[in-house]
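Residue numbers (the working numbering), protein chains in the order written: chain L, 655 to 768; chain X, 1038 to 1149.
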């Protein structure tokens, strides 16, 4: 299967701890996105990479959040000093640069901050 | 600011009972409108892209249509396996990132 993969699928952490999530996009896709989804809501955009460059960040992305995409392949999203309000599903998506805009999502990482 | 409103929030149908889901959008320029299906605890699954008013796309029991202000997802003779949350999203033509702006979704339940 060559879809988008995310790791871990579930993460439980205590308030104040740091967590890191990983996303492996579809191999030929150069665009990569992170979204956050809470219960009963649609996904909300967090940040966007084209190849290794982080080109856009949402105002939702506080200073405690940082994302990287070294070498334009996999990406990591780190949350420092987690808060209970960070509890959500974190979704990664990728898309091709070849004139099509549909994004393909991974299974998500469910974060619970206790 | 781009806005997407989906209705109804929840819909219960008997198996075989056809219906439509609505997605109203406000965007300064539409690059594309997207429909996704999401099962509980999973990531959204891509269904359709619509680019211009009048366009229609079909897949099995699903048909998506687009006007200048809204999109419909028509479900013909649904089966229990069609039960899921259906999400609508838009991409603004001015968005260099092509980021998706989603509605809250319609939760569809198909009863045998």
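Just so it is clear, CB atoms sit at the ideal spot from N, CA and C, and this is done for glycine as well.
Predicted, not measured: the structure shown is a model, and the values here were computed from it.
Shown in chain order are the members of the segment 749-764 of chain L whose Cβ falls below 8 Å from a Cβ of chain X: 749, 754, 755, 756, 757, 758, 759, 760, 761, 762, 764. Nearest in C-alpha terms to residue 1069(X), of all of 1095(X), 1102(X), 1082(X), is 1102(X). In this structure, DSSP gives residue 738(L) a helical state, which the three-state scheme calls helix. Here the alpha carbons of residue 1058(X) and residue 748(L) stand approximately 26 Å from one another. Judged by beta-carbon spacing, residue 1141(X) lies within the 9 Å limit of residue 1043(X), meaning their Cβ atoms are closer than that value. For residue 1064(X), no pairing in a beta bridge is given by DSSP. Counting along the chain, residue 1129(X) sits inside the beta strand (DSSP E) bounded by residues 1121-1129. Residue pairing from DSSP places residue 660(L) in a beta bridge opposite 677(L).
Taking every protein chain shown into account, the CB of residue 1062(X) has 16 or more other CB atoms within 10 angstroms, so this residue is buried. In this structure, DSSP gives residue 1069(X) an extended state, which the three-state scheme calls strand.
Burial of residue 1123(X) is indicated by the presence of at least 16 other C-beta atoms within 10 angstroms of its C-beta. At the C-beta level, residue 660(L) and residue 760(L) come within 9 Å of one another. One alpha carbon belongs to residue 742(L), the other to residue 1133(X), and they sit about 26 Å apart. Short of 8 Å from the beta carbon of residue 720(L), and not among the five residues preceding or following it, lie these beta carbons of its own chain, in chain order: 731, 732, 734. Residues of the segment 691-716 of chain L that bring their beta carbon within less than 7 Å of a beta carbon in chain X comprise 694, 695, 696, 697, 699, 702, 709, 710, in sequence order.
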